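Asker: Residue numbers (our numbering), protein chains in the order written: chain A, 21 to 381; chain B, 21 to 381; chain C, 21 to 381; chain D, 21 to 381.
Dropping a structure here in structure tokens format, bear with me for questions.
There are 4 protein chains.
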Amino acid sequence: MAGNVFGARFRVMTWGESHGPAVGAVIDGCPAGLPLSEADIQEKLDRRRPGTGACVSARREEDRVEILSGVFEGVTTGTPISLLIRNHDADPSAYYALKDVYRPGHADYTYEAKYGVRDHRGGGRASARETAARVAAGAVAEKLLGRFGVRIDVYLTQIGPVRLRPEEIRPEKARENGLRFASEERLSEALRYLDSCRAAGDSCGGLAECRVTGVPAGLGEPVFDKLDARLAAAVMSVGAVRGVEIGDGFAAAARLGSEMNDPMAPGPDGRPVFLSNHAGGVLGGISTGQEIVLRAAFKPTPSISKEQQTVDRAGNGASVSIAGRHDPCAAIRGCAVIEAMTALVLADLWLEQEGARADRL
Amino acid sequence: MAGNVFGARFRVMTWGESHGPAVGAVIDGCPAGLPLSEADIQEKLDRRRPGTGACVSARREEDRVEILSGVFEGVTTGTPISLLIRNHDADPSAYYALKDVYRPGHADYTYEAKYGVRDHRGGGRASARETAARVAAGAVAEKLLGRFGVRIDVYLTQIGPVRLRPEEIRPEKARENGLRFASEERLSEALRYLDSCRAAGDSCGGLAECRVTGVPAGLGEPVFDKLDARLAAAVMSVGAVRGVEIGDGFAAAARLGSEMNDPMAPGPDGRPVFLSNHAGGVLGGISTGQEIVLRAAFKPTPSISKEQQTVDRAGNGASVSIAGRHDPCAAIRGCAVIEAMTALVLADLWLEQEGARADRL
Amino acid sequence: MAGNVFGARFRVMTWGESHGPAVGAVIDGCPAGLPLSEADIQEKLDRRRPGTGACVSARREEDRVEILSGVFEGVTTGTPISLLIRNHDADPSAYYALKDVYRPGHADYTYEAKYGVRDHRGGGRASARETAARVAAGAVAEKLLGRFGVRIDVYLTQIGPVRLRPEEIRPEKARENGLRFASEERLSEALRYLDSCRAAGDSCGGLAECRVTGVPAGLGEPVFDKLDARLAAAVMSVGAVRGVEIGDGFAAAARLGSEMNDPMAPGPDGRPVFLSNHAGGVLGGISTGQEIVLRAAFKPTPSISKEQQTVDRAGNGASVSIAGRHDPCAAIRGCAVIEAMTALVLADLWLEQEGARADRL
Amino acid sequence: MAGNVFGARFRVMTWGESHGPAVGAVIDGCPAGLPLSEADIQEKLDRRRPGTGACVSARREEDRVEILSGVFEGVTTGTPISLLIRNHDADPSAYYALKDVYRPGHADYTYEAKYGVRDHRGGGRASARETAARVAAGAVAEKLLGRFGVRIDVYLTQIGPVRLRPEEIRPEKARENGLRFASEERLSEALRYLDSCRAAGDSCGGLAECRVTGVPAGLGEPVFDKLDARLAAAVMSVGAVRGVEIGDGFAAAARLGSEMNDPMAPGPDGRPVFLSNHAGGVLGGISTGQEIVLRAAFKPTPSISKEQQTVDRAGNGASVSIAGRHDPCAAIRGCAVIEAMTALVLADLWLEQEGARADRL
């Protein structure tokens with residue numbers, strides 16, 4: 021319960037600091053007999069990796085994953101899957117100057133308030149580096165879900181002030197650009213904005229949208245482990261996320277019931293068909309069988325080179341300017357993490373559903 | 021893991037259906053030696069209770085709580101606290117007509133997809149009735165937190181289209197009106213809107229804001245049990261909530277890092293003082309010691325008397341109009357539930373923090 | 021984690037004190053669609069109940085169970101099943117004299133050391149009364165297991181010094197006598213011994229044996245949640261139990277490997293057949309498909325009317341003689357509790373096994 | 021819940037197969053600020069290591085532990101502590117002949133029945149190799165407990181038929197010999213017996229006793245997480261253990277209440293003093309402050325070179341003789357594992373106790 025374990029049946033424990041020797045994840049509860057290779061995981065890690073161009077941090081993270089256990093002759097054995105990713109190119113000396121100062125917008129002060137000590141090198145455990153382990157574990161969950169036809173798509177609809185109108189969103193375009201931005205037409209606008217942020221020594225926020233297809237009706241555990249509650253926790257647990265919504269989300273506050281309720285009609289196979297999806301694929305915390313739709317708001321990367329006012333550990337006023345290579349927009353890399361967390365939630369609830377009905381035991 | 025247990029150290033299991041004999045909660049992990057009476061809990065239940073006037077459901081729920089265990093001679097003993105609330109005034113015959121039809125916006129279809137069976141009477145476990153048990157358990161958590169000076173305030177800043185601008189919000193006014201609306205000046209506007217909804221056989225959404233004072237720096241368990249992640253899950257687990265945000269929330273997506281980061285300055289007692297609170301009191305998933313600020317968007321009550329298109333269990337098209345007494349705006353009563361869930365998260369994380377530091381053991 | 025929750029997938033929380041208004045259990049995770057009635061549970065409670073004759077406590081506990089939730093039209097709905105048993109015939113005044121004294125062999129002193137307070141009436145939560153809730157919850161688990169052909173038999177092979185030799189054990193005889201003693205021939209000997217204990221104001225221990233048939237190979241979760249580890253915890257959690265063994269148990273310490281290993285031979289249906297069962301039906305923490313065999317040693321009931329030396333809360337020396345109606349041999353009623361705990365473990369691990377293999381999802 | 025996680029507050033996940041690249045453990049919940057080095061852990065691993073002479077397996081396991089996270093500048097930081105032990109000297113070809121045959125007394129058949137697949141190399145996850153990770157994690161727990169003055173001693177009182185009478189047991193002697201045998205006088209007898217086993221291609225069982233001093237009154241969480249229940253699960257989860265008892269254990273079945281209850285008298289510091297310790301330091305599942313005493317029976321190592329009857333995966337009869345270097349008596353190395361598991365339980369319950377009393381928050 022110290023916070024580094026996620027899930028109940030498809031359970032993951034992650035570990036590792038930004039500038040320690042490695043980060044990793046151990047998965048307990050992955051069903052036996054699933055074909056799994058390092059390449060399956062590597063593919064997802066590569067998509068998280070800093071890309072080319074001005075968009076993302078230039079830190080060269082090779083992020084080679086090693087599977088240390090739980091896979092034999094190419095399939096999972098039902099025993100824990102230990103995943104290891106060595107840290108490279110991590111020069112802690114760059115952070116030495118920040119040893120005694122609390123960076124604004126970072127967890128430096130709060131970790132120290134909580135634990136009395138902290139690993140100051142690059143944010144330690146609070147670094148975005150930690151998410152590499154999530155992505156690795158999420159890749160295994162996604163491999164499992166893929167067998168059932170589940171597909172997860174995450175893309176940005178907003179970068180700073182460059183916000184796509186609903187009719188402008190083209191999820192398929194996000195796969196073609198390094199920004200995961202769901203538009204071809206407004207891509208250059210977004211790039212220009214990122215350049216201006218970087219030039220100003222500043223950073224910007226963004227909005228990610230996640231759509232999941234292929235989830236059957238019936239996943240999610242009321243009352244407290246509702247599918248949407250679990251997704252909200254999963255997504256909000258990503259460091260830079262400040263808000264989560266499902267379906268119509270915050271817009272629902274201004275809706276009428278007659279606008280919000282999704283009517284149903286007889287479907288071709290005898291099952292009901294929903295005529296709209298304001299609910300975002302979840303009713304009463306249980307999947308409806310429709311597309312699951314959620315959105316996550318990312319705050320700007322807190323590491324900026326602009327000078328900021330702060331204090332040091334001795335309580336004296338200080339000013340800080342964070343040099344180094346940082347993503348100007350954490351939301352870009354964040355997409356891979358949202359995808360991973362969504363996969364972890366769905367794999368967990370999928371296994372939960374096994375055993376929910378006496379007539380299927 | 022079937023979803024009816026909340027928390028790890030201050031752990032609550034709730035049970036009960038809308039039209040069964042009772043609903044209840046059992047708390048395991050409340051520290052021994054806490055003065056506690058039924059009156060402490062009753063006070064919170066009364067605030068959740070349907071009020072007078074046009075605003076909330078007219079169902080007369082007496083909601084008398086009984087403490088069946090865990091309290092001896094007025095103090096908690098460390099053993100489980102069992103809370104029972106009998107259901108009254110629950111006429112299942114009113115729901116008999118809905119036995120075979122899936123109400124739009126309700127969990128009728130999804131419960132059946134999940135479990136194969138469902139208690140159709142008033143929504144069964146998916147009814148808002150379930151939240152009475154949360155409020156009862158939350159009252160115990162709040163009693164515990166009160167000892168440490170923690171105070172939780174929840175109020176509405178929006179009812180349907182009637183939305184308060186930031187400068188109009190007056191939290192203290194929310195305690196004076198049955199709507200928990202944080203304004204005196206625009207209260208009549210909100211009431212008129214609710215009346216119009218009711219007259220039209222419709223319902224509306226709302227926006228709740230929650231502010232917590234008195235939480236010291238250091239609460240929250242990174243990586244997955246971050247304070248904000250736990251709050252997001254807690255709040256999203258309330259049936260009608262569709263979105264959650266912390267601090268600047270969704271607005272952060274359009275911010276610059278230099279705007280979003282909260283600068284720090286030396287404080288009077290040697291501890292740093294934050295000069296703003298865009299973070300909403302949480303950094304890296306750990307409380308900063310500032311006010312915790314979150315917002316939750318409620319969808320409109322799905323039960324409306326307007327006719328809606330749907331299907332029945334046999335797969336035939338049907339139309340449904342839900343008669344009976346329903347809150348036109350679920351957000352109003354929802355405030356008490358947000359308060360309870362926030363208290364449960366904080367009590368749990370408070371106890372988690374005990375034992376986090378070797379120098380304090 | 022405060023200790024009143026058992027199981028992960030078939031999860032039970034129990035509550036209640038000996039002399040409070042009631043005891044109860046809430047089950048979260050019972051599969052939906054299981055036929056269940058109060059009579060199913062009552063039958064097990066009745067078998068736990070004080071019988072006739074000299075053997076067991078004369079306290080008249082009616083132990084009527086009420087199902088307050090989770091069952092609709094005679095079948096479980098997948099939502100929590102709340103079970104309530106009112107306490108009757110509980111005269112706390114009888115215990116008032118013991119308010120300030122620590123009874124030897126009881127948990128009076130340890131509860132106070134732990135919690136700082138205690139409910140002194142009849143032992144409060146530490147009373148054997150607590151096991152009524154276990155038996156009620158276990159009955160639901162046993163109902164579920166019965167669908168799969170699992171059968172649990174618990175009987176005594178020793179009462180005080182009256183110990184059956186292996187060849188004397190007749191499990192079927194245990195159902196015919198109020199002592200659950202697995203012998204007809206030596207029953208009168210056991211009864212005479214119990215009478216002598218009672219006459220001397222003393223109590224005695226006993227040995228229970230549990231045999232489970234119908235469990236297929238494959239249940240149990242290595243490494244820490246092995247079937248035998250889970251059974252050991254379950255059985256040792258019963259207050260008076262002081263030792264647990266599986267299969268050959270303690271005798272294995274003196275065995276050779278060639279005596280202890282169970283050889284296998286081809287079976288009629290292509291599956292292997294074990295030629296002996298020294299393992300007691302568990303290898304590597306996973307069921308073999310053979311009969312599961314465990315034994316539990318019960319200490320004597322600590323409540324005796326013989327005078328004993330002790331201290332009071334103020335730290336003064338005292339002597340105590342515990343009047344009232346107490347079972348001279350806790351093992352007799354303990355059989356029903358061992359049966360319940362075994363059922364809870366097996367139901368939990370049965371549901372765990374759902375989802376363990378990708379080829380069966 | 022797939023079985024590889026232990027503990028709630030001091031939580032450990034272990035992973036790794038006998039002949040995979042490594043085994044490891046991750047600890048989540050170790051308090052921050054605890055001095056910890058690889059040497060602290062190495063010392064315990066070395067004591068588990070195969071010794072010299074005829075007593076234990078000759079496999080050369082270097083068992084060098086690496087700390088990959090959670091420790092910074094020599095102290096724990098409160099974040100997960102990842103421990104890695106590379107596997108050496110593991111020649112899987114030795115096991116290739118056993119690929120398709122179920123070894124009697126091993127988990128080959130049950131793993132396959134459970135998971136459908138298995139890593140046949142050296143028993144995979146079911147190998148005693150897995151316990152290296154437990155010992156590493158236990159060393160951290162023991163370091164924490166050492167701060168509070170807790171000391172754990174485990175030694176053998178029986179090796180095969182060589183059984184020490186109570187008055188012969190000399191725990192301090194166990195530290196001086198490679199067998200952990202609590203006697204100097206009867207050591208050569210035990211060694212001769214082990215030699216005869218080895219010569220006959222056979223193996224033998226043993227009995228371990230564990231004594232813990234320095235535990236204050238108040239640890240343990242009734243009802244289901246009693247100190248003795250948790251210890252029973254912990255100890256029984258060690259592969260070769262077949263029985264566990266606390267205090268008088270199985271002997272209690274033949275005791276009178278007046279013999280078994282431990283009388284109390286006023287102590288020098290105002291606290292009561294127990295005049296005997298039949299309870300083994302636990303009453304009502306909570307520590308009494310006395311020495312905790314438990315015993316564990318180990319079965320003989322199932323790997324023997326004597327020919328045994330079995331079946332292969334195709335269902336045909338087969339005979340098997342397991343060559344290679346195996347401990348003739350698993351109990352010898354098992355002592356280090358019992359010590360580790362005991363430490364893990366106590367550290368976990370120690371942290372649980374933090375937060376149990378409102379007057380100490």
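All C-beta atoms in this analysis are idealised placements derived from N, C-alpha and C, irrespective of residue type, glycine included.
On a predicted model such as this, the values are computed, not experimentally measured, just so you know.
Span of the beta strand (DSSP E) holding C/A42?
Answerer: Mapped onto the third sequence, residue 42 of chain C falls at position 22. It spans A42 to D48 - the beta strand (DSSP E) in which C/A42 sits, taken as one unbroken run.
Asker: CA-CA distance, C/A343 and D/I101?
Answerer: Translated into the one-based positions of the third sequence, residue 343 of chain C becomes position 323. Translated into the one-based positions of the fourth sequence, residue 101 of chain D becomes position 81. Roughly 54 Å between the two C-alpha positions.
Asker: Just to confirm before moving on: does the CB-CB distance between B/L207 and B/I352 stay below 8 Å?
Answerer: If you number the second sequence from 1, residue 207 of chain B lands on position 187. If you number the second sequence from 1, residue 352 of chain B lands on position 332. Result no, Cβ atoms of B/L207 and B/I352 do not sit closer than 8 Å.
Asker: Whole-angstrom Cβ separation of B/G335 and A/G290, contact assumed at under 8 Å?
Answerer: As a position in the second sequence, residue 335 of chain B is number 315, starting the count at 1. As a position in the first sequence, residue 290 of chain A is number 270, starting the count at 1. Yes, B/G335 and A/G290 are in contact; Cβ-Cβ is about 5 Å, under 8 Å.
Asker: Does D/D66 pass the burial test, meaning 16 or more other C-beta atoms within 10 Å, or should it be called exposed?
Answerer: Locating residue 66 of chain D in the fourth sequence gives position 46, counting from the first residue. So D/D66 counts as exposed.
Asker: C/I105 and C/A157 - do their beta-carbons sit closer together than 8 Å?
Answerer: The residue you call residue 157 of chain C lines up with position 137 of the third sequence. The residue you call residue 105 of chain C lines up with position 85 of the third sequence. Taking 8 Å as the Cβ cut-off, C/A157 and C/I105 do not qualify as a contacting pair.
Asker: At 3 residues or longer, what runs of the beta strand (DSSP E) sit wholly inside the segment 134-201 of chain A?
Answerer: Within the segment 134-201 of chain A, the complete beta strand (DSSP E) runs of at least 3 residues are 171-179.
Asker: So what does DSSP say about A/R212, is it helix, strand or coil?
Answerer: What you label residue 212 of chain A is simply residue 192 of the first sequence in a count that begins at 1. Of the three classes helix, strand and coil, the one that applies to A/R212 here is helix, per DSSP.
Asker: Assign B/K119 to one of two classes, buried (16 or more other C-beta atoms within 10 Å of its C-beta) or exposed (fewer than that).
Answerer: Numbered from 1 along the second sequence, position 99 holds the residue referred to as residue 119 of chain B. Exposed, because fewer than 16 other Cβ atoms sit within 10 Å of the Cβ of B/K119.
Asker: Sorted by chain position, which residues of the same chain lie with C-beta nearer than 6 Å to B/G225's C-beta, five sequence neighbours on each side aside?
Answerer: Locating residue 225 of chain B in the second sequence gives position 205, where the first residue counts as 1. Here the set comprises F318, K319 and P320.
Asker: Run through chain B and tell me which residues come within less than 7 Å of C/A52, C-beta to C-beta.
Answerer: Counting from one through the third sequence, the residue named residue 52 of chain C turns up at place 32. Chain B residues near C/A52: Y135, G136 and V137.
Asker: Inspect the beta-carbon positions of D/G259 and D/V302 and report whether they are closer than 8 Å.
Answerer: Locating residue 259 of chain D in the fourth sequence gives position 239, counting from the first residue. Locating residue 302 of chain D in the fourth sequence gives position 282, counting from the first residue. It is not a contact, given that the beta carbons lie outside the stated cut-off.
Asker: Cβ of D/T72 less than 8 Å from any chain A Cβ?
Answerer: As a working mapping, residue 72 of chain D is identified with position 52 in the fourth sequence. With a pLDDT of 42 at D/T72, under the threshold of 50, the predicted position of this residue should be treated as unreliable, though the coordinate-derived value follows. Judged by the 8 Å Cβ criterion, D/T72 is not in contact with chain A.
Asker: Taking the alpha-carbon positions, what's the C/A274 to D/G354 distance?
Answerer: Counted from its first residue, the third sequence places residue 274 of chain C at position 254. Counted from its first residue, the fourth sequence places residue 354 of chain D at position 334. C-alpha separation (whole angstroms): 16 Å.
Asker: How far does the beta strand (DSSP E) with C/R291 in it reach, from first residue to last?
Answerer: Residue 291 of chain C sits at position 271 when you count from the first residue of the third sequence. Premise fails: C/R291 is in no beta strand (DSSP E) and is neither H nor E.
Asker: Should B/R250 go down as buried or exposed, given a rule of 16 or more other Cβ atoms within 10 Å for buried?
Answerer: Translated into the one-based positions of the second sequence, residue 250 of chain B becomes position 230. Counting Cβ neighbours within 10 Å, B/R250 comes out buried, since at least 16 surround it.
Asker: Among residues of its own chain, excluding the 5 on either side of A/L184, which ones have a beta-carbon nearer than 7 Å to its beta-carbon?
Answerer: Your numbering for residue 184 of chain A matches position 164 in the first sequence. Around A/L184: T177, Q178, A202, S203 and R206.
Asker: Hey, is the segment 27-40 of chain C in contact with the segment 121-137 of chain C, meaning 3+ C-beta pairs nearer than 8 Å?
Answerer: Segments in contact, no.
Asker: Assuming the contact rule is C-beta atoms closer than 8 Å, A/Y175 and A/A194 should be a hit. Round their C-beta distance to whole Å, please.
Answerer: In the first sequence, counting from the first residue as 1, residue 175 of chain A sits at position 155. In the first sequence, counting from the first residue as 1, residue 194 of chain A sits at position 174. That belief holds up - the Cβ atoms of A/Y175 and A/A194 are roughly 3 Å apart, short of 8 Å.
Asker: Comparing alpha-carbon positions, which option in B/G94, B/Q329, B/E311 and B/G375 lies nearest D/A28?
Answerer: Looking up residue 28 of chain D in the fourth sequence gives position 8. The shortest C-alpha separation from D/A28 is found at B/G375.
Asker: Using a Cβ cut-off of 7 Å, pull out every chain A residue sitting near B/A22, in sequence order please.
Answerer: If you number the second sequence from 1, residue 22 of chain B lands on position 2. Result: E241.
Asker: According to DSSP, simplified to helix, strand and coil, what is B/V365?
Answerer: Residue mapping note: residue 365 of chain B aligns to position 345 of the second sequence, counting from 1. Note: B/V365 maps to helix in three-state DSSP.
Asker: Just the Cα atoms here: how many angstroms apart are A/E311 and A/L366?
Answerer: By one-based count along the first sequence, residue 311 of chain A stands at place 291. By one-based count along the first sequence, residue 366 of chain A stands at place 346. So the two alpha carbons sit approximately 13 Å from each other.
Asker: Could you check what DSSP says for A/C349 in three-state terms: helix, strand or coil?
Answerer: Within the first sequence, numbered from 1, the residue matching residue 349 of chain A stands at position 329. Residue state, collapsed to three classes: coil.
Asker: Let me confirm a value: B/Y116 is counted as buried when at least 16 other C-beta atoms fall within 10 Å, else exposed. Which label applies?
Answerer: Here residue 116 of chain B refers to the residue found at position 96 when the second sequence is read from its first residue. That one is exposed.
Asker: Going by DSSP, which residues form a beta bridge with A/E86?
Answerer: Along the first sequence, one-based indexing puts residue 86 of chain A at 66. Partner(s): A/L104.
Asker: Once DSSP output is grouped into helix, strand and coil, what is the label at D/G354?
Answerer: Numbered from 1 along the fourth sequence, position 334 holds the residue referred to as residue 354 of chain D. Three-state result, D/G354: helix.
Asker: Look up D/E241 in the DSSP assignment and say whether it is helix, strand or coil.
Answerer: Mapped onto the fourth sequence, residue 241 of chain D falls at position 221. Of the three classes helix, strand and coil, the one that applies to D/E241 here is strand, per DSSP.
Asker: Using a cut-off of 9 Å between C-beta atoms, extract the partners of B/F92 located in chain C.
Answerer: As a first step, residue 92 of chain B is located in the second sequence; it is residue number 72 there, counting from the start. The contacting residues are E37, G40, V137, R138, D139, H140, R141 and G144.
Asker: Can you list the residues of chain C that B/G98 reaches, using a CB-CB cut of under 9 Å?
Answerer: Here residue 98 of chain B corresponds to residue number 78 of the second sequence, with the count starting at 1. Within 9 Å Cβ-Cβ: A22, Y131, K134, Y135, G136, V137, R138 and R145.
Asker: Counting contacts by CB-CB distance shorter than 8 Å, is B/D368 in contact with chain D?
Answerer: Taking the second sequence and counting its residues from 1, one reaches residue 368 of chain B at position 348. Answer no: the Cβ-Cβ gap between B/D368 and chain D never drops below 8 Å.
Asker: Determine which residues share a DSSP beta bridge with C/M33 and list them.
Answerer: Along the third sequence, one-based indexing puts residue 33 of chain C at 13. DSSP, once it has assigned bridges, lists C/V25 and C/V46 as partnering C/M33.
Asker: Within the same chain, show all residues whose beta-carbon is closer than 7 Å to that of C/E82, passing over the 5 residues directly before and after it, in chain order.
Answerer: Your numbering for residue 82 of chain C matches position 62 in the third sequence. Cβ neighbours of C/E82 beyond the five flanking positions: H108.
Asker: If you measure between the beta carbons of B/L214 and B/P322, is that distance less than 8 Å?
Answerer: Locating residue 214 of chain B in the second sequence gives position 194, where the first residue counts as 1. Locating residue 322 of chain B in the second sequence gives position 302, where the first residue counts as 1. No; because the gap between Cβ atoms is not below 8 Å, this pair is not in contact.
Asker: Report the option in A/A45, A/Q62, A/L369 and A/V137 whose CA atom is closest to the CA atom of B/R380.
Answerer: Taking the second sequence and counting its residues from 1, the one referred to as residue 380 of chain B is at position 360. Measuring from the Cα of B/R380, the nearest candidate turns out to be A/V137.
Asker: Run down chain B in chain order and give the residues with a C-beta less than 8 Å from the C-beta of A/P181.
Answerer: Residue numbering aside, residue 181 of chain A sits at position 161 when the first sequence is read from its first letter. By Cβ distance, chain B contributes A274.
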